[in-house]
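A.B. asks: Before we start, here is the structure in question, set down as structure tokens.
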Amino acid sequence: MKFPLNPAQQEAVEHQNGPMLVLAGAGSGKTRVITQRIARMLERGVPASAICSLTFTNKAAAEMAERVAVILKEGGHRGQSVKQMSISTFHSFGLSVLSRERKVTGGTFTIFDQGDCLGAIKELLSRVGVDRRFDATEVMTRISNAKNAFIAPEELREREGDDYDEITKIVYPRYQAALRNFHAYDFDDLVCEVARIWKTREDVLSRWQKQFRYVMVDEYQDTNRAQLELLRLLAGEHRNICVVGDDDQSIYAWRGADVRNILEFEEHFPGAKIVKLEQNYRSCAPVLAVANAVIEKRTDAKYKKTLFTSKLGGEKVRLGQAPSPEAEAAYVGREIRRMISDEGRKPKDFAILYRSNGQAKLFEEVLREQGVAYRVVGGTQFFERKEVKDVLAYLKLSLNRSDEISLRRIANYPPRGIGETSLERLGTYALARGWTLWETIERVDALDDIPSVARDGCRALEKTIAHARKRLLIERAKGSVVARELCEQLGLQKEITATSPSPQAAARRWANVDGLFGLLSRRESREDAAGRDASAERELMTFLHSLTLNSQEEEEDPGNVVTLSTLHGSKGLEFDVVFLVGLEEGLLPHSRTLDPRASETAPQDIEEERRLFYVGVTRARQLLVMLRARARMVRGKPAPRTPCRFLSDIPSDLVEEFEVKDAALMSTDEMASNAGNLLAMLDALGK
DNA sequence: TGCTGCTCAGTTTTT
DNA sequence: CTGAGCAGCA
651 MKFPLNPAQQ EAVEHQNGPM LVLAGAGSGK TRVITQRIAR MLERGVPASA
701 ICSLTFTNKA AAEMAERVAV ILKEGGHRGQ SVKQMSISTF HSFGLSVLSR
751 ERKVTGGTFT IFDQGDCLGA IKELLSRVGV DRRFDATEVM TRISNAKNAF
801 IAPEELRERE GDDYDEITKI VYPRYQAALR NFHAYDFDDL VCEVARIWKT
851 REDVLSRWQK QFRYVMVDEY QDTNRAQLEL LRLLAGEHRN ICVVGDDDQS
901 IYAWRGADVR NILEFEEHFP GAKIVKLEQN YRSCAPVLAV ANAVIEKRTD
951 AKYKKTLFTS KLGGEKVRLG QAPSPEAEAA YVGREIRRMI SDEGRKPKDF
1001 AILYRSNGQA KLFEEVLREQ GVAYRVVGGT QFFERKEVKD VLAYLKLSLN
1051 RSDEISLRRI ANYPPRGIGE TSLERLGTYA LARGWTLWET IERVDALDDI
1101 PSVARDGCRA LEKTIAHARK RLLIERAKGS VVARELCEQL GLQKEITATS
1151 PSPQAAARRW ANVDGLFGLL SRRESREDAA GRDASAEREL MTFLHSLTLN
1201 SQEEEEDPGN VVTLSTLHGS KGLEFDVVFL VGLEEGLLPH SRTLDPRASE
1251 TAPQDIEEER RLFYVGVTRA RQLLVMLRAR ARMVRGKPAP RTPCRFLSDI
1301 PSDLVEEFEV KDAALMSTDE MASNAGNLLA MLDALGK
């Protein structure tokens, strides 16, 4: 990694003022360029506090901060520190703007995660009383799409025949009003609302423009319309904006990313300097040749890039066809085993990449059989665990009693007599008198028609929350401490034990709650170290916000294990050996993108699948093995499969084709090796 | 209120 | 074929 910068990289690093677009091909050292560029600016006397660097994931932000810190440690940067710099995700950047503009936004607020938003939408849907049953998730997606496209509720166009457009038109404004009423923002708001405030309040915008005189954006091809709006406003005056991205790796159009942002950068920021990074430092020539062949055939090129490398060697790319997915998986397992024992490779050198999560299962089974350690990346294992969300809801409610979603979540959990009917009645009162739901609970004694059990429940809840609130805000107790006290007071452990199907399940769920305590304490000590001094309320709000925003949970060092990941999840990672599996029509261009069910945008969607394939190919450093099965069970029925269409864009001399033998026809050699593995496993178990 | 059985759908995912 | 979500029943 200590190579000197190549001329293109140098050019990007030295540039300082005015707009610049860096088209960074896969593996072309883009993170290095960004970090070096920051260092260079600091050397030239730009104050760290004037730099704002935006990414999409917490991981990317942390990595960038880390790498800048390393450079700064090497000295020569006038004692500037990363801490003064704003290196963050779009969302946490938006959050910090909204937090600091509380005069404009009106006080403290909560952030609703997806579950909270879905709850709100379900509630609204039932209140609207539509005759047909609508899928709340679909409505949520539509609203999110509108926000990503920077379309306000009143701007949604009337036309378009889809029933969901119709219902979205009705629900979106109400949803937005409900959020404001709850003093809540959803994830999309963290970007949109900042742009909206900046757009309407020039005085506010001007302050932020003066603060951040240099703006940088990573993975620019993933930005949506709202993010573009935000950037145009922030950089509108000084135009010191540097964006880095790769249109060939644009794979998130389906969640609002708009490739036009990168393709039309010159129009958005006239006079922009454009730099292409085409030298690849990751992959060997045979892998790169395949990557280039795949991306060359794309139908919508504007900036053409051709990657090259000076790396020598590397094995020819392999393309195998297996009789079945089981045989495919068995082959991958065998090969990994073989390369570990014969070639001295380590588990962490391998990745198995697939289009959809369901495909992981077979590979997990095989690796387990082979006794090879692995991890599965992603797979929506968020911290959506009910018991954790319940405890957090108590904390959130203690700080923000307008947070109706949290209130509804725990109103009768653990059961305290506030049944569905009572809650509904309370809701009706709230609506009629213009109180919040919480105020209604506080004033339950003044209401009729509430059963006395529910009345008692409301009083108990009121007492619990009031106490927690006092502990947090007046006595300034730590969140982790209050969380423990709450659980104690609520008898949550008992409740969990009583409602779990088995003692093991109960133990697991309680362990999650306990894990939350640990997570809270760890965060607290980190915050303490940062030594910020604010009011207890603000401090705790910030704290809860960071919990919602960093839901990923600090990932531990993956260790020496094989990586299983979706193609989407693999972006930004690299491995010596990559197995690209399930390269079949219907799986790689996924059937859902092929089907005419989605009426619009067919050719574009397929191009996105091509780029997905390209992303997979470019993950490999030394060896790429592509695989497909000739038949596969589809919805319980066996079906013949055709090879992925993108494979036919690869000249046959670039790949070595082979047949994967059926497990039943394995040679005695392989059987012996498998038996050996089995013995080794038994041996390991014995110890 | 909680469980059981039935129906239906079946990508990708961060914040 | 599987899993999730819901309706209907106890």
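Mapped onto my numbering, the consecutive letters of the first sequence carry residue numbers 651 to 1337.
Where is the CB? At the ideal position from N, CA and C, for every residue including glycine.
#1: For C892, name the three-state secondary structure that DSSP assigns.
#2: On the criterion of 16 or more Cβ atoms from any shown chain inside 10 Å, does N831 qualify as buried, or is it exposed?
#3: Is it true that the CB of L1214 sits closer than 8 angstroms to the CB of E976?
#4: In the region 1021-1091, which residue ranges form an unbroken beta strand (DSSP E) of at least 3 residues, counting only runs that do not cross its ends?
#5: Going by C-alpha to C-alpha distance, which of K1128, R1291, F1229, A719 sits closest to M989?
#6: Could you tell me whether the Cβ atoms of R1282 and R1291 are closer together than 8 angstroms?
#7: Do N1162 and V1026 count as a contact pair if the criterion is CB distance below 8 angstroms?
#8: Helix or strand or just coil, what does DSSP make of M714?
#9: For M735, does the three-state DSSP call read helix, strand or coil?
#10: S1220 and G1266 - do their beta-carbons sit closer together than 8 angstroms?
#11: Indicate whether L1274 and E1259 have their beta-carbon atoms separated by less than 8 angstroms.
#12: Identify whether F740 lies in helix, strand or coil by the three-state DSSP scheme.
#13: Expressed to the nearest angstrom, what Euclidean distance is found between the alpha-carbon atoms of G679 and A689?
#14: If you follow the beta strand (DSSP E) that E1306 is in, where does it begin and where does it stop?
#15: Since K819 is in the beta strand (DSSP E), which residue starts that stretch and which ends it?
#16: Quick one: measure Cβ to Cβ for R1066 and G1107, integer angstroms, because I've assumed they're closer than 8 angstroms.
#17: Among A828, I761, E751, F800, which one has its Cα closest to the Cα of K772?
#18: Based on the DSSP secondary-structure assignment, which residues constitute the bridge partners of T760?
#19: Skipping 5 residues on each side, what residues in its chain have a beta carbon closer than 6 angstroms to that of K797?
#20: Starting from S703, trace the beta strand (DSSP E) both ways and give me its first and last residue.
#21: So the candidates are V893, Y835, K1128; which of them puts its Cα closest to the Cα of D868?
#22: Rounding to the nearest angstrom, what Cα-Cα distance links P1064 and N1050 in this structure?
#23: Spell out a yes or no on whether the region 991-1006 and the region 963-977 are touching, meaning 3 or more CB-CB pairs, one atom from each, closer than 8 angstroms.
#24: Short check: CB of L806 to CB of T818, under 8 angstroms?
#25: Distance, Cα to Cα, T1149 vs A1080?
#26: As an exercise, report each continuous alpha helix (DSSP H) stretch of at least 4 residues that is fully enclosed by the region 846-915, in chain order.
#27: DSSP state of V982, grouped into three classes?
#28: Which of helix, strand or coil does DSSP assign to V1163?
#29: Looking at the strands, I want to know which residues DSSP matches up with F958.
#30: Check whether the Cβ atoms of G906 and N874 sit closer than 8 angstroms, and answer yes or no.
#31: Check this for me: beta carbons of Y825 and A770, under 8 angstroms apart or not?
C.D. replies: Let's see:
#1: Three-state result, C892: strand.
#2: Within 10 angstroms of the beta-carbon of N831 lie fewer than 16 other beta-carbons, which makes it exposed.
#3: No, these two residues do not count as a Cβ contact at 8 angstroms.
#4: Look at the region 1021-1091 and you find these whole runs of beta strand (DSSP E), each 3 residues long or longer: 1024-1026.
#5: Considering only alpha carbons, the answer is F1229.
#6: It is a contact, given that the beta carbons lie within the stated cut-off.
#7: Contact flag unset, no.
#8: In the displayed model, M714 falls within a helix according to three-state DSSP.
#9: DSSP places M735 in the coil class of the three-state scheme, outside both helix and strand.
#10: Yes, they are a contact pair.
#11: Contact flag unset, no.
#12: F740 falls in the helix class under three-state DSSP.
#13: In this model, G679 and A689 are separated by some 16 angstroms (Cα to Cα).
#14: Per DSSP, the continuous beta strand (DSSP E) segment holding E1306 begins and ends at 1305-1309.
#15: Taken as a continuous stretch (DSSP letters only), K819 belongs to no beta strand (DSSP E), being part of the alpha helix (DSSP H) at 813-831.
#16: Right, their Cβ atoms sit about 4 angstroms apart.
#17: Comparing Cα-Cα distances from K772 to each of A828, I761, E751, F800, the minimum goes to A828.
#18: In the DSSP output, where bridge partners are listed per residue, T760 has A834.
#19: Same-chain partners within the cutoff: D838, C842.
#20: Here the beta strand (DSSP E) through S703 covers 701-705.
#21: Out of V893, Y835, K1128, V893 has the C-alpha closest to the C-alpha of D868.
#22: Cα to Cα, the separation comes out at about 20 angstroms.
#23: At 8 angstroms Cβ cutoff, the stretches do not touch.
#24: Yes, these two residues count as a Cβ contact at 8 angstroms.
#25: Distance between the alpha carbons of T1149 and A1080: 31 angstroms.
#26: Runs found: 852-861, 875-884, 910-913.
#27: In the structure shown, V982 sits in a helix (DSSP, three-state: H, G or I).
#28: DSSP places V1163 in the helix class (H, G or I) of the three-state scheme.
#29: Looking at the DSSP assignment, F958 forms a beta bridge with Q929.
#30: Contact check for G906 against N874 passes: the beta carbons are separated by less than 8 angstroms.
#31: Yes, Cβ-Cβ distance for Y825 and A770 is below 8 angstroms.
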